[in-house]
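**Q** Here it is: the structure, laid out below.
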Amino acid sequence: MSVDFRQRTPGEYAQILWRRKWLIILPAIAIACAVAWIVWSLPNIYESTTLLSVRAPTISTGMVPQLSNEDLSLRINSINKQVQSRSSLEPLIVKYNLYADERQKGVTMEELIERMRNRIMVDIEEREDNNVPGFRISFRGRDPQATRAVTSELASKYVNAQAEDAQSIAKQTIEFFKSELEKAQKELDDISNSRLDYMLANVNRLPSSAQALIGQLNGLREQQKTLITEIGRMRDSRTLLSRTLGDYQEQSERDSTVEAEGLNNPRNTPAWGMLSSQKATVESELQEMKVTLRPENPDLKKKQAQLDSILREMKQLETDADAKAERIKSRVNNNASLRVKSIGYEIEKLDSEIARQEGILAQANGQIAEMQTRINSVPDAEVALETMNRDYQTKKALYDQLLEKKRDADLAATVQINAQGETIQVVDPANLPSAPVAPKRLTLIGLGLGLGLGVGFALALMFEVPRLMTIQTLDDAAHYTSLPVLASVPELMTPQEARRLPQRRALWLAAGVLATIISIPLLAFALKLSHIFDRFVL
535 MSVDFRQRTP GEYAQILWRR KWLIILPAIA IACAVAWIVW SLPNIYESTT LLSVRAPTIS
595 TGMVPQLSNE DLSLRINSIN KQVQSRSSLE PLIVKYNLYA DERQKGVTME ELIERMRNRI
655 MVDIEEREDN NVPGFRISFR GRDPQATRAV TSELASKYVN AQAEDAQSIA KQTIEFFKSE
715 LEKAQKELDD ISNSRLDYML ANVNRLPSSA QALIGQLNGL REQQKTLITE IGRMRDSRTL
775 LSRTLGDYQE QSERDSTVEA EGLNNPRNTP AWGMLSSQKA TVESELQEMK VTLRPENPDL
835 KKKQAQLDSI LREMKQLETD ADAKAERIKS RVNNNASLRV KSIGYEIEKL DSEIARQEGI
895 LAQANGQIAE MQTRINSVPD AEVALETMNR DYQTKKALYD QLLEKKRDAD LAATVQINAQ
955 GETIQVVDPA NLPSAPVAPK RLTLIGLGLG LGLGVGFALA LMFEVPRLMT IQTLDDAAHY
1015 TSLPVLASVP ELMTPQEARR LPQRRALWLA AGVLATIISI PLLAFALKLS HIFDRFVL
């Protein structure tokens, strides 16, 4: 059966605290003394502050526009990075011998610069309209004079950085508009030159020349019709002459052939008739001899030779007749050649004239096609020209706009260079600090005392919690046994034990005090190595 934990009364808790008072007090004393030791050894930190204000432009922004629309708070943040850069802070550390102890201990310059950045504070003061009327710059250092000097130089750096930034913006703005203006001018010149080149290359395709092109096209078409008619007439004449020439040549050939055949046919001559009769007789005799005689017979051979002689004579008659017929044809053809040549000359003349007229017609057709192409391309040329004109007007408007902006930028840059624009000026110079602002020694000692008490209470609980779970008093016995206590026996000690008990307690107390005294420097050394309190001197 489980029994609930018995709640102690405040009096019982007070008795526990009294019984463990040295276990609580001694750690508190040790930690508080160690903290005090470290705190009092920390260097004094002084803070110097300067106030800077933003001076409005001396010339109205309505008359001279600002070069940058960036909020001043953003520009101050940008200036912060510039002022708090290594190249800016390292000379200050060397010049005013800041962090001399750390440098002797071998701390790197990067760590010292980062530590110095942490000690520079910039507080921007904003108004209800979100404008920045000014800002404060604070710096913390160990030497009052050096702290004030560093703060003054930081303020000067902010003022100079803002002026340099404004002048840099002015120069960059001028260079930007100058570059853009030159680029726009080049584009404008390119479009203008392209437009002029296009007009020169397409002078006959421009809308202004359309009527002249149409007139030329009509003239070429009339010429085309005339040429087609003339070529057709000449082709008809040539066809007629060709037909006449063919008929004449055919008639002449026919006449010469008939005349030659009628006058010079060898079969119509007496000689041919006599030879034909002799041939028939000899062939008859030869056939009879072949029947009765052998091929080697001389008479047979003689008769065959006679037949061959007759055939040769007949062949010679035909040859002579053919030669005579050719002479007759040649004579007839020579008579007709003059007429044929005359007709041929006329045909050749017509062919030459037809070829010449066809060449002129082909040239006219090419000119008509070219003219139609040029007329059809007039709308395209007009559209292209309008596009170029529109691009030119667009680039011209952009050029005029950039020119106006460059003039404004030049005026605004002049205002910035002459310090007539928005500037930062020092209102309150850096003060000489008279009292350190850190470390808060009493506060830190109080925190150390509180930490020591916390450690003491933790030690007391560590010893007392196990006792709370056991029966230590009559109330514990009655609660955990649920039985009434009839009698109690006190702790019985001999006289010797009774005398030793105070001595033992005194020894424990002396040991605790000695441990406390020894732990103080040890704790202080440990705290120093941990650099916990270094952040409290920022």
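When we follow our numbering, the leftmost residue of the sequence shown carries the number 535, and every step to the right adds one. Don't be surprised by glycine CBs; every beta carbon is placed ideally from N, CA and C.
For Gly893, count neighbouring Cβ atoms within 10 angstroms of its own Cβ and tell me buried if that reaches 16, exposed if not.
**A** Counting Cβ neighbours within 10 Å, Gly893 comes out exposed, since fewer than 16 surround it.
**Q** Let's test the definition: count the other Cβ atoms within 10 Å of the Cβ of Leu1057 and tell me whether it reaches 16, buried, or not, exposed.
**A** Result: buried.
**Q** Give me whichever residues DSSP pairs with Thr584 in a beta bridge.
**A** Answer by DSSP bridge pairing, in chain order: Ile671.
**Q** To which residues of the same chain is Leu761 closer than 7 Å at the C-beta, ignoring the five residues directly before and after it?
**A** Around Leu761: Gln891, Ile894, Leu895 and Ala898.
**Q** Helix, strand or coil: how does DSSP classify Arg554 here?
**A** The answer is coil: DSSP assigns Arg554 none of H, G, I, E or B.
**Q** Within this structure, are the beta carbons of Trp571 and Gly1046 separated by less than 8 Å?
**A** No, Cβ-Cβ distance for Trp571 and Gly1046 is not below 8 Å.
**Q** Look at the alpha carbon of Ser728 and the alpha carbon of Glu698, and state the distance between them as a whole number of angstroms.
**A** One C-alpha to the other measures close to 44 Å.
**Q** Rounded C-beta distance between Pro577 and Pro967? I'm assuming under 8 Å.
**A** Not confirmed; about 14 Å, so no contact.
**Q** Is it true that the region 985-1004 meets the region 615-623, where meeting means three or more beta-carbon pairs spaced less than 8 Å apart?
**A** The region 985-1004 vs the region 615-623: no contact.
**Q** For Arg589, list the residues DSSP reports as bridge partners.
**A** In the DSSP output, where bridge partners are listed per residue, Arg589 has Thr957.
**Q** Let me make sure I understand the geometry here. Which of Gln757, Leu983, Leu1041 and Arg1039 has the alpha-carbon closest to that of Ala564?
**A** Nearest option by C-alpha distance: Leu983.
**Q** Could you have a look at Ala969 and say whether DSSP puts it in helix, strand or coil?
**A** If DSSP states are grouped into helix, strand and coil, Ala969 belongs with coil.
**Q** The beta strand (DSSP E) that contains Val656, what's its start and end?
**A** First-last of the beta strand (DSSP E) with Val656: Ile654 to Glu659.
**Q** Could you give the C-beta distance for Phe669 and Leu560, rounded to a whole number, given that I count them as a contact under 8 Å?
**A** With 8 Å as the limit, Phe669 and Leu560 do not qualify as a contact, their Cβ atoms being about 51 Å apart.
**Q** Since Ala562 and Gly990 are thought to touch, with beta carbons under 8 Å apart, how far apart are those beta carbons, to the nearest angstrom?
**A** Indeed, because the Cβ distance is near 5 Å, the residues count as touching under 8 Å.
**Q** Return the CA-CA distance between Asn923 and Glu659, expressed in angstroms with no decimal places.
**A** Cα to Cα, the separation comes out at about 55 Å.
**Q** DSSP puts Ile579 in a beta bridge; with which residues?
**A** For Ile579, which the question treats as bridged, DSSP gives the partners Ala972.
**Q** Going by Cα to Cα distance, which pick from Met643, Lys883 and Leu827 is closest to Thr773?
**A** Of Met643, Lys883 and Leu827, the residue nearest in Cα terms is Lys883.
**Q** Whole angstroms is fine: what's the gap from Leu945's alpha carbon to Tyr630's?
**A** Taking the straight line joining both Cα atoms gives about 42 Å.
**Q** So what does DSSP say about Asp723, is it helix, strand or coil?
**A** The answer is helix: DSSP assigns Asp723 an H, G or I state.
**Q** Could you pull the start and end residues of the alpha helix (DSSP H) that Gln618 belongs to?
**A** Neither: Gln618 is in no alpha helix (DSSP H) and is coded neither H nor E.
**Q** Out of Leu845, Arg553, Arg653 and Arg651, state which residue places its alpha-carbon closest to the alpha-carbon of Arg1039.
**A** Here the closest residue by C-alpha is Arg553.
**Q** Suppose you measure from the CA of Leu1043 to the CA of Ile579; what does that come to, to the nearest Å?
**A** Near 40 Å, if we compare the C-alpha coordinates of Ile579 and Leu1043.
**Q** Got a sec, what are the start and stop residues for the alpha helix (DSSP H) Arg637 sits in?
**A** Per DSSP, Arg637 belongs to the alpha helix (DSSP H) from Ala634 to Gln638.
**Q** If you reduce the DSSP assignment to three classes, tell me which class Asp962 lands in.
**A** In the structure shown, Asp962 sits in a strand (DSSP, three-state: E or B).
**Q** Would you say Glu971 and Glu581 are within 8 Å of each other, going by their C-beta atoms?
**A** Just to set this straight, residue 971 is Val in the shown sequence, not Glu. Yes.
**Q** Just checking Val1047 against the ligand COA - is the residue's beta carbon closer than 7 Å to any of the ligand's heavy atoms?
**A** Looking for the ligand COA in the displayed structure turns up nothing, as the structure carries no ligands at all.
**Q** Tell me the DSSP secondary structure of Arg828 in three-state form.
**A** Coil.
**Q** Apart from the five residues just before and just after Gln840, which ones in its own chain have a Cβ nearer than 8 Å to its Cβ?
**A** Val816.
**Q** Can you grab the Cα-Cα spacing for the pair Lys836 / Ser811, in whole Å?
**A** Their backbone Cα atoms lie some 18 Å apart in a straight line.
**Q** If we call anything under 8 Å between Cβ atoms a contact, is Leu623 one with Arg637?
**A** No; because the gap between Cβ atoms is not below 8 Å, this pair is not in contact.
**Q** How many angstroms separate the CA atom of Asn611 from the CA atom of Met655?
**A** In a straight line, the C-alpha of Asn611 is about 12 Å away from that of Met655.
**Q** Classify Asp699 as helix, strand or coil using the three-state DSSP reduction.
**A** If DSSP states are grouped into helix, strand and coil, Asp699 belongs with the helices.
**Q** Pull up the CB-CB distance for Thr685 and Ala969, whole angstroms please, since I reckon it's below 8 Å.
**A** Thr685 to Ala969, Cβ: 16 Å. No contact.
**Q** Would you report the Cα separation of Ile765 and Ser776, rounded to the nearest angstrom?
**A** So the alpha carbons of these two residues sit roughly 16 Å apart.
**Q** For Cys567, which residues of its own chain have a beta-carbon under 6 Å away from its beta-carbon, when the five flanking residues on both sides are left out?
**A** Answer for Cys567: Ile1054, listed in chain order.
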